[in-house]
Structures are given as C-alpha cells and as structure tokens.
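Undergrad: Got a structure for you, questions after.
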Amino acid sequence: MSLLLILTIVLPLAASLLIMAGADPRRTSLVAAVVNLAFSLVLFFGYDRTAGGWQFLSEWKILPKLGINMTLGADGLTLVMILLATLVTVSALWVAPKVEKYNGLYHVSLLFISAGVIGAFASLDVLFLYSFHELALIPTFLMIGIWGTGDRQAAAWKATIYLGLGSFVLLIGLIALYISIPSGHRTLDLRELDQLATSGVLHPSALIYLLLLVGFGSLVSLFPLHSWAPGAYACAPPPAAMLHAGVLKKFGLYGLIRIALPLFPEAMHELNGLLLLLVVGNILYIGYVTVSQKRLDWTIGYSSVMHMGYIFLGLASLNMIGVSGAALLMFAHGLSVAAAFALCGEIRRRTGTLEYSELGGIARTAPVLALLFGFATMASLGLPGFANFAGEVLVFFGATAAGSVMVIPVIVAVWGVVISAIYMLRAYRNVFWGPVVQRWESVADIASGAKWAVILLLLPLMIAGFYPQFILKMAGTALPH
Amino acid sequence: MNLSTVAWITLLAPLGAAALILLVTRTNRAAASGLAILSALIALVGGWTLFLNHAEGIYQGFNWIDFGKDFSIPFALALDPLSRTMLVVVTTISPLVFIYSLGYMKEEEGFWRFFAGLAIFLFSMLGIVLANNLVMMFIFWELVGVSSYILIGHYYGKPSAADAAKQAFLVNRIGDFGFMLGILLFWVATGTFDFSGVNDSAELFKAHPTLLAVSCVLIFCGTVGKSAQFPLHVWLPNSMEGPTPVSSLLHAATMVAAGVYLLARIFPILSASPDACEIVAWTGAITALGAGILATQQDDIKGILAYSTISQLGYMVTGAGLAISAALPMFHLFTHAFFKCLLFLTAGSVILGMHHEQNIWEMGGLRKKMPVTFLTYLCGMLALSGCFFFSGHYSKDLIMACAWEHHRGIFWVVVIAAALTPFYMTRQALVVFFGKPRSEHAEHAHESPLVMIVPLILLAIPAVCAGYAPVEHYFFHSVGSLTEPEVPHFVELVFGAAFVIGILAAFVIYRGAPAKDPIRIPAFHNRFYIDDFYFWIVRVIQGGFAKLCSFIDRWFIDGILVRGSATVVWTIGFALRFLQVGNIQAYALFFAAGVVGLLYLLLTIH
C-alpha cells in the first residue's frame, strides 16, 4: 500500500516522460489520471481509521545529519486532499482542449501540478512539503503565461511575484522554526515536530507563526494578500484554474493545519484577533468586491477568495468542530470551484466572452450546461445537499462555540451566505436566464465529455453533502480532539 | 410495514421521483408527470396512514454530523400531533395541484423541469414538517427555497420571471440569516437544537429573558422571510411570475405557511418570552393590515390573491404572537391552505380560459362561461372573506376573538384588515365574473378541462367545511386547546359589521361593471413604494458599497500595495530579470536556486 502512495506521485511524472517521448498527450495523461484516481480511492478506503495516525509510510534518508529525510505517508486528512487532487486532475485533463501551441507541454504541465500537489500533501517532511508545492507552482505560472487569455503576461507576472514572495516568506518562517528548535532535537519531520510540541520542548515565538501565516496566507489568498488570485484565474486556461483554485491553493490551508495548529497553539491564540480581522475582510470586503464584478470569471475568481474566509474562520475557532468544518470546506470548495471554472471555460469557448452585459438566455440553447452550472452555483452559495453547506454550518457552530470574540466574525460569516447568493444568482441570471441574445442563438450545448468531467466533481460533492461523515471521519483522524 | 418505514417512504418518495425525472425521463412528458404524481399519491397515503394511526415519537435515521456525544446533528423524523396535522394538509393538497398541473401545463415547454421542481418541493416541504431539530428544519427550509426558485423561474426567458425568482431566493436568504444566527444563539445558550430539547428549555430560559427574546426574534426572521411578513414581504407578489399551480401550492397553501409552522414548533419557548411575542404579534398585525390595503388596488388576478395571502399569513403570525396555543395559528393555516389553494387554482382556470390574460380589467362576465370555476371560486372567496358557514370564518374569528382578549391594540388592527378582505374579494369577484366581457379573450373564454375541474371541486369541500367544530376537534384536539374566549356581544357585532361593510362597500363601488377601476390611489397601487425603496437600497447603498470595495481593491490594495512592492522588488533587481514569462529555464533556475539556497542556509545553521 505504501507503494501505491508513492505511485500516485510517480505516475503523473512517468506519464509526463512518456508524453515528452512522443506518446499521445491526451490519452496518456488521462490514463495516468484515471489510474491515479483509482489508487487514491484504494488508499482512501484502505486507510485503517480505527488505528488512525500516519500510514503507508516510506522513508529515504537524504541528509540524516540534518534530520532531513524524504518521508511519505498519509493520514485521513492527507487522503481526503489526495482524493480531491486526483478527482480534479481527471476532470481538468478531461476538459483540457487540444491546444495548438506546445500541446504536449500543456498536458505535462497539468501532470506536474498534479504530481507536485499530491507530493506536498503526502510529505511528512517540511522541506519536501515545501518543495513539492514549488514544483506544482511553476507549471501554473507557465500555463497562465503561455496558454492564458486576456492580459496573460501581466497576470502570470503578478502571480509569480506574489506567490514567489509568499513562498519566500514561508521559507523564512520554516527556517526560523527549524532554528528555534533546541539543537539536538532539530528535525523537519512532522511527526517528530508534533512530539516536540506535546512534550513541551518546542517554544516557537509568535513571530514565526506570523511569518507562516503571511506565507501560507498569501498562497491561499488571505485578505489583503489576495489580489493575485482573481486575475490569475481569469487569465489561466480552465484546467490550470481548476487545479490551482481547486487543489493547489488548499496547500496553504493544509500547511496551517499541519504545522501551525499543532506547533503554535499559544501563538494562534494570541494572534487570533488579527486572523479574525482578516477573515472579516475576506468575507465581507471581498464579498462586496465580488458583487461588483462584471464578468463571470472574475466573479468566480473573487468568490474563491471570499470562500477562503470561511475556512480560515474554521481554523481560527481552534476547536474540533470548526477545524473539521474547515477541512470539509477545503474538499467541498475544491470540487465546486473546479466545476465552476470548468463550466466557465466551456462558456468562453462557445461565446468568446464572459461579460455579463453581452451574455444572456444561454439556458435555452445549452440546457445541460445551464443545469450543470446551476448545480455549481447552488454548491457555491452553500445550498444544503452539497458538502459546502455542511462545511459552512460546522464552521458556524465551531466558531460560535469558540466564545464571545467570535460574535462579529460569525455574524459576518452568516451574512456572507447572503452575499454569495447575491453574486452567484446574479451571475446565473445574467448568463443563463433572460431572453436569448441573438448572437448566442446557435450556441452548442456542453459536449458529453465535458459533461461527465463536471459530473465527476459534482457527484462526490453531493455524496459528501448528504453524508458528510464520509469526509469528516477521515479528516478527523488528523485533528486533535 | 411499521410506521417508521411509512414515514421514511412518505418523505423520500418525492425525492426519488425528482431524481428519476432528472436522470431518466427528461424527454418523456407522460413519464415525468406520472412519476411526480405517483410520488405525491404515495405521500398522500403515507401521510394519512401516519395521521390515522396516531404515529408518535422520533424515527431515528442517521447522524448527519457526528462528533460523538459533544456535538451531533441527527437526521430523524418527529411525529407528534402538530406534524401529523401539517402532514395531512401538505399531502392532501399536493396531489390535487399536481394533477391540476397536467391540464394547466399541457401546452408548456419544460414539462419535466416543472414536475421535477414540484417533486423536489414536496420532498423539502415534508422534510420541514417532519424535521426533529432546528438544523434539519433549516436544511429543508433552504431546499424549499431553491425549489421555489426553480419554479418561479420556470419561464426563465422572461426577464420579470427571472428577476422574481432571484429576488425570492435572496429575500428568503436575508430571513435565513437571522434564522441561522438564532439557531446558533439558541445552541450556545442551551446546548441543543432538538425540538424536544427546545420545549424543555423554556424553563431554563425564563432566567435569561433577554437571551430568550433575542433568539426567538432571530428565529422569527426565518418566518418573516418565508411567510412574507413585513418588511420582507416584497418577494411574494413577484413570485406570481411562476406558473399558477406553483403559486397555489407553494406561494399560498403550504410553503409560505412553513414560517407559521416554525412558530408553532418553537411555541413553548416563544410563548415564554412576552417581548418576542409582542414583536411577532405586531409584525403579523401590521402585515395583515398593510397587505390588505395593497390588495384593494391590484389589477392582476393573482396579485390580489398574493396580497391576500400575505395578509392572511399576517393573521396566523399574529395568532402565534398572542401566545395562547400553537393550535391557534395552525387552525387558520389549516383552513387557509384549502381555500387559498382553491382560489389560486380557480384563478389559474380563469387565466387559462382567458389565454393567459391576468388583468382583471380585461375580464368580466365569466360566470356564465366558466360555471364550475365560478361556483368553486365563490366557495373560496367566501371562505377567505370570513363569511358565516365557510371555513375561514371560524379560524379567523377565533384569532380576532383571542386578540380582543389579550391585546386590544392588535385587535383593532386586525379587525380593520378583516373588513378589507371581503372588500377586495368582492371587487375581484364582481370585476372578473359579473358584468360584461371587457375584451376579446373574455368573450371567448371557455371552461377548463376535467383534469383541472375535478381538483377544484375536491378542494371546494374542505374550503367550506374545514372550519366546522367536529373537523377542528378531529385535527386539533391533540395539538392544543382552541376554546373560544368569552367576548362581549358587541365584539361579535364588530366581526359581522366588518364583513358586511366590506362587501357593501365593494358592491357600491364596483356594481355597475365599470370599465376601469373608479378608484386610483397611487400609493396603494405602487405597493407603498416599498419595492422602489428596496430597489434603491440595493442599487445605491449596496451597489455603492460594492463599488467602493472594488475601487479600493483595484487602486489601493492591488494598485499601490502589490504593484508598488513589485516595483520596489524590480528596482532592487531581485534576480527577477530572469523571469521572462514563458521562459522555462528561468523558472527552473528560480526553483533550483530556491532549493539550493535553502539547503545552504540549513547547512550553515547546523
């Protein structure tokens, strides 16, 4: 089984090699992605929940003197995230068109993002956690820069600088953390770090937490470090936007759960006010920025920034209910935003525009596309029946349980549900409803392939919405009680 | 089959039907409508079985959320006198409306979409009725909201319908904002959101009157949204953009009454808080009066009925706010469901006969052309007006009599509203059914097909009888006490006078079949300008705030902070000149440099 975990990382890379060697890009990458999804399902259901803890471990000594080893392993949370990654990867490769320029590289980039992000989730060593993420980030920039639309150069450039700087701050934070460990105990292994924290050896200062928060935060588009996100997603080719907004962006949150929560309990408590302030910014301020958007892709881009606020709020509640809700939301948002970007791409491919003022009445000519987008809309605005709702409700309850400091953030967060409805329903109304605009009278409905690619995302979203325990029980194995 | 299984089948049959319609029978009209109707009939049998067998207790399902004993949200069904009676209302009316829709929607496109929407609605509504805790009720609360959205937006190509659907969803969400906060506050205070726990906690709450009042009022916000109470009433008249069967089932008989049902559900804690009750009762009374006034000046046949629904819901809410018995609002909900459903279906019959003309000033003289529609309409109209021997009379007078007993101020408000009801209904009846046809369509109007007529006749029976004492006793004796308070003789005279004055006034004004409305009061006609005011708020205040945020984001956060820092970085020459976008080597170098730098740092530190 531990071999299977390694394979989930190796397989996309191997497929990339094959494509570079001349194999058919689409077929090769899809086969690899589907097999990877099967692997992740086997791992997901093969994980022994009663035993809990890290399983499927494998280890290579790299620099034993420094305590640096490449250690792979998984607990329930890891497997939830890997399942998310493999689901979105299949869907993204499925909707990936045949591009004219560097078709092979296009698919290779997507596979690298997938491999990188799975590697990051499966790494128990902080150094590799970080490096795998970087590995996934670079092809994302490439994809925006080469195959993007609109002002792609500027978007790629901004995302590069922004995320590059964010990663740099994160790196400094991680190094500072390493230094703060009393020599002799120094390690980058998450398990050992946990032990050091529980045994009281570790006393990292709040400043290090702040560095991690800024570093991870800018990767997750925490307010006010968010402004790279909407433009990058609007310009990125749909599969890249799906993988980044859906999966790669969750890395920052994953990192906070893995590193900040267990190692910085006091600092998180101390600086919770700051985090809550930013959360309010994420939900209320970004929410209203989203309301004023005039294009579908920007709306979804900003909405994905806004919804991060809920996840941060779940983390900030510092209790089992809230953090579980955050984990469930990571999964749910990953799927729903990927579905939204996939459909957004389908619309753009048909109309060439995503301006609300130019669209309208597409439901008549493309009913299945409209139906699927309706599902994505409802998921995004947190309708019961989708996992997004379950996650949000848990975050509300978790935050409420965290005491009176949460009063304003909770009110804002619950109001945010209204804001989400405002912009998502407006988007749906403007794009799909109303009289058919003459230009779009002959717009074709969604193709069968893309349809199934989106259903692949919506189905688990609904399963986890009807029965959230399916995700919560797994994620719970990683969370402190 | 035990009752627990029956309850689960009742709930899940419509969901199954909706799923099958969506996945399998999208192109087959007969199969789509057949599945929906079949599921409604299953629910009918199930609902009555549960009622007749006095099903009682909690039927455990599974834990939707489960963190052990600290926190779990169960998914379970609660059967008690209250939910049983409500179950009968919902499951009895639904199949009639479903069958009626076969005739009404015959010519329409999107047939499957319509019936799938109805089935989802029925599932969600049954979920509200059977929910055993506030969170589960909230879940189904939102789901009826979305089925309402789908059904109002049935004619999505029409801008007004598309906007109405969106507005209905949003306004309800605003109410649900309060509802959710109320649930959270309630949970923090008591550690439960179970209805049985809610009832037990009334005692505990007496020690914290403010907390109790605040959480009750917050939960009541849900009612204000769903039951279209002032100030969130604006969506209901606009929801008439949906097909008429939808207006009948969702926006008159059942869904909008869910808010009243919620109040009945939390009645033990609501009635423990005088402050909250005062707010609830006044909200209802103001709504009853205000909507009654607006109904007098509407020209759309469904618009009049829509405002009358709001007004009647106001009575129910007032009834709950009087804090006497949960049965008081529920009794009016019960009678209202039948006669208002009937009224909307007769209106639908008229609309179909008139080739989708809805303006009453285009109608006239339909009494002879549509005799069955007319007679059944008369039953509904007299019941709504509070005519003696008709169901509405008993339930509405009971609320007014209780108001006299407990709250004189509210009494006078609802009595004035009670005089308006016969006025606007007589106006509607005279203009639509009497006099001479005012248009080509009215000349050639025809009676509706049998599939629509039969439900009308079936609904006319309860519209007349549902208020009689034996019926009331049968359905309500275990819900709560409904003893009529002793009122002075002159109060009874006031009730009678209100009815007579209303009818007479309408006769005097609309008797000679005028071609146009002889009265024109712009403020009433324009809905007190409340809709315009909200539109202004949304456009100017919210839109302005959103634009401001957007401006800040674009020119300050992105413009100065990001571009500024980027420029600084650039001028420092932070090795980024390698970063020609699209240059793979540069990226690889960047990445490699990062890793090497990291290793170097680690080594030196060591």
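Residue numbers (the working numbering), protein chains in the order written: chain A, 1 to 481; chain B, 482 to 1087.
Beta carbons are placed, not taken as given, at the ideal position from N, Cα and C, and that holds for glycine.
Predicted, not measured: the structure shown is a model, and the values here were computed from it.
(1) Quick one: give me the first and last residue of the beta strand (DSSP E) that LYS61(A) is part of.
(2) Can you give me the Cβ contacts of PHE956(B) inside the same chain, cut-off strictly under 6 Å, excluding the 5 residues immediately before and after it?
(3) Please state whether the Cβ-Cβ distance between PHE216(A) and ALA260(A) is less than 9 Å.
(4) Measuring CA to CA, which of VAL35(A), SER2(A) and ILE9(A) is closest to TYR47(A)?
(5) Flag this pair as yes or no: are the beta carbons of ILE631(B) and MET618(B) separated by less than 9 Å?
(6) Does the beta carbon of PHE121(A) sit closer than 9 Å to a beta carbon anywhere in chain B?
(7) For the beta strand (DSSP E) holding SER553(B), just list the boundary residues, first then last.
(8) Please list, in chain order, all residues of the same chain as GLY1054(B) whose beta carbon is under 8 Å from its beta carbon, the five residues on each side excluded.
(9) Within 9 Å of any Cβ in chain B, is that where the Cβ of PHE389(A) sits?
(10) Quick one: what's got a C-beta closer than 7 Å to ILE19(A)'s C-beta in the same chain, skipping five residues either side?
(11) Going by beta carbon distance, what residues of the same chain come within less than 6 Å of VAL417(A), once the five residues before and after it are set aside?
(12) Could you give the DSSP three-state label for THR71(A): helix, strand or coil?
(13) How many angstroms separate the CA atom of PHE621(B) from the CA atom of VAL201(A)?
(14) Terminal residues of the continuous alpha helix (DSSP H) containing GLN909(B)?
(15) Kindly list the residues whose CB is nearer than 6 Å to the CB of ALA267(A), restricted to its own chain and excluding five residues on each side of it in sequence; keep chain order.
(16) Would you mind listing the alpha helix (DSSP H) stretches within the segment 955-1010 of chain B that are 4+ residues and don't spill past its ends, in chain order?
(17) Classify PHE914(B) as buried or exposed, calling it buried when 16 or more other Cβ atoms lie within 10 Å of its own Cβ.
(18) Mind listing which residues of the segment 619-632 of chain B have their C-beta closer than 9 Å to chain A's C-betas, in chain order?
(19) Going by beta carbon distance, what residues of the same chain come within less than 8 Å of ILE422(A), once the five residues before and after it are set aside?
(20) List the endpoints of the continuous alpha helix (DSSP H) containing GLY255(A).
(21) Let me check understanding here. Comparing Cα to Cα, which of LEU809(B), GLY771(B) and PHE819(B) lies closest to ILE791(B)?
(22) Determine, using beta-carbon pairs with one atom in the segment 174-192 of chain A and one in the segment 60-70 of chain A, whether at least three such pairs fall under 8 Å.
(23) What residues in the segment 456-469 of chain A bring their beta carbon closer than 9 Å to a beta carbon of chain C?
(24) Can you confirm whether the segment 798-810 of chain B touches the segment 839-850 of chain B when touching is taken to mean that 3 or more C-beta pairs between the two stretches lie within less than 8 Å?
(25) I'd like to know if SER806(B) contacts chain A, where contact means its C-beta is closer than 9 Å to some C-beta of that chain.
(26) Classify PHE658(B) as buried or exposed, calling it buried when 16 or more other Cβ atoms lie within 10 Å of its own Cβ.
(27) Is the shortest distance between the beta-carbon of MET378(A) and the beta-carbons of chain B less than 9 Å?
(28) Rank TRP545(B), PHE870(B) and VAL968(B) by C-alpha distance to the C-alpha of TYR949(B) and give the top, closest one.
(29) Determine the burial state of SER866(B): buried for a count of at least 16 other Cβ atoms within 10 Å of its Cβ, exposed for fewer.
(30) Cβ of LEU263(A) within 9 Å of Cβ of LEU193(A)?
(31) Could you tell me which residues DSSP puts in a beta bridge with ASN544(B)?
(32) On the DSSP bridge list, what partners appear for ASN840(B)?
(33) So, helix, strand or coil for SER183(A), using DSSP?
(34) Quick check on the DSSP output: the alpha helix (DSSP H) that includes GLN648(B) runs from which residue to which?
(35) Between ARG654(B) and chain A, is there a C-beta pair that is closer than 9 Å?
(36) Run down chain A in chain order and give the residues with a C-beta less than 9 Å from the C-beta of ASP998(B).
TA: Reading off the structure:
(1) The residue labelled residue 61(A) in the question sits at position 61 within the first sequence. Per DSSP, LYS61(A) belongs to the beta strand (DSSP E) from 55-63.
(2) Indexing the second sequence from 1 puts residue 956(B) at position 475. Once the five neighbours on either side are set aside, the close Cβ partners of PHE956(B) are THR566.
(3) Numbered from its first residue, the first sequence carries residue 216(A) at position 216. Numbered from its first residue, the first sequence carries residue 260(A) at position 260. Between PHE216(A) and ALA260(A), the C-beta gap is smaller than 9 Å, which places the two residues in contact.
(4) Position 47 of the first sequence, counted from the first residue, corresponds to residue 47(A). Nearest option by C-alpha distance: SER2(A).
(5) Here residue 631(B) corresponds to residue number 150 of the second sequence, with the count starting at 1. Here residue 618(B) corresponds to residue number 137 of the second sequence, with the count starting at 1. It is not a contact, given that the beta carbons lie outside the stated cut-off.
(6) Taking the first residue of the first sequence as 1, we reach residue 121(A) at position 121. Cβ-Cβ to chain B under 9 Å: no for PHE121(A).
(7) On the second sequence, residue 553(B) is found 72 positions in, with the first residue counted as 1. Unbroken beta strand (DSSP E) run through SER553(B): 553-560.
(8) Taking the first residue of the second sequence as 1, we reach residue 1054(B) at position 573. Low confidence applies here, because GLY1054(B) scores a pLDDT of 49, under 50, leaving its location unreliable; read the following figure in that light. Excluding residues within five positions, none has a Cβ falling inside 8 Å.
(9) Residue mapping note: residue 389(A) aligns to position 389 of the first sequence, counting from 1. Cβ-Cβ to chain B under 9 Å: yes for PHE389(A).
(10) As a working mapping, residue 19(A) is identified with position 19 in the first sequence. The answer, listed in chain order, is PRO25, THR28, SER29, GLY104, HIS107 and VAL108.
(11) Position 417 of the first sequence, counting from 1, holds the residue named residue 417(A). Cβ within range, chain order: GLY382.
(12) In the first sequence, residue 71(A) corresponds to position 71, counting from 1. Looking at THR71(A) - three-state DSSP - the assignment turns out to be strand.
(13) If you number the second sequence from 1, residue 621(B) lands on position 140. If you number the first sequence from 1, residue 201(A) lands on position 201. PHE621(B) and VAL201(A): Cα-Cα distance of roughly 50 Å.
(14) In the second sequence, counting from the first residue as 1, residue 909(B) sits at position 428. Looking at the DSSP string, the run of the alpha helix (DSSP H) that includes GLN909(B) is 889-914.
(15) Numbered from its first residue, the first sequence carries residue 267(A) at position 267. Contacts found: ALA206 and TYR209.
(16) 970-991 and 1003-1006
(17) Within the second sequence, the letter at position 433 stands for residue 914(B). Per the 10 Å Cβ criterion, buried.
(18) PHE619, ILE620, PHE621, TRP622, GLU623, LEU624, GLY626, VAL627, TYR630 and ILE631
(19) Locating residue 422(A) in the first sequence gives position 422, counting from the first residue. For ILE422(A), where only same-chain residues beyond five positions count, the Cβ hits under 8 Å are VAL291.
(20) In the first sequence, the residue the question calls residue 255(A) occupies position 255. Residues 250-255.
(21) For the purposes of this step, residue 791(B) is taken as residue 310 along the second sequence, with counting starting at 1. For ILE791(B), the nearest C-alpha among the options comes from GLY771(B).
(22) yes
(23) No chain C is present in this structure, whose protein chains are A and B.
(24) no
(25) Sequence index remark: in the second sequence, residue 806(B) carries index 325 (1-based). By this cut-off, SER806(B) is not an interface position.
(26) Here the question's residue 658(B) lines up with position 177 in the second sequence. PHE658(B) should be labelled buried.
(27) As a position in the first sequence, residue 378(A) is number 378, starting the count at 1. Cβ-Cβ to chain B under 9 Å: yes for MET378(A).
(28) Counting from one through the second sequence, the residue named residue 949(B) turns up at place 468. Here the closest residue by C-alpha is PHE870(B).
(29) Here residue 866(B) corresponds to residue number 385 of the second sequence, with the count starting at 1. Per the 10 Å Cβ criterion, buried.
(30) If you number the first sequence from 1, residue 263(A) lands on position 263. If you number the first sequence from 1, residue 193(A) lands on position 193. Yes, the Cβ-Cβ distance between LEU263(A) and LEU193(A) is below 9 Å.
(31) For this step, residue 544(B) is matched to residue 63 along the second sequence. Bridge partners of ASN544(B) according to DSSP: PRO555(B).
(32) Your numbering for residue 840(B) matches position 359 in the second sequence. The partner list for ASN840(B) (beta bridge, DSSP) reads ASP781(B).
(33) In the first sequence, counting from the first residue as 1, residue 183(A) sits at position 183. In this structure, SER183(A) counts as coil in the three-state DSSP scheme.
(34) Position 167 of the second sequence, counted from the first residue, corresponds to residue 648(B). In the DSSP assignment, GLN648(B) falls within the unbroken alpha helix (DSSP H) covering 640-671.
(35) Numbered from its first residue, the second sequence carries residue 654(B) at position 173. By this cut-off, ARG654(B) is an interface position.
(36) For the purposes of this step, residue 998(B) is identified with residue 517 of the second sequence, where counting begins at 1. By Cβ distance, chain A contributes nothing, its closest Cβ being about 31 Å from ASP998(B), past 9 Å.
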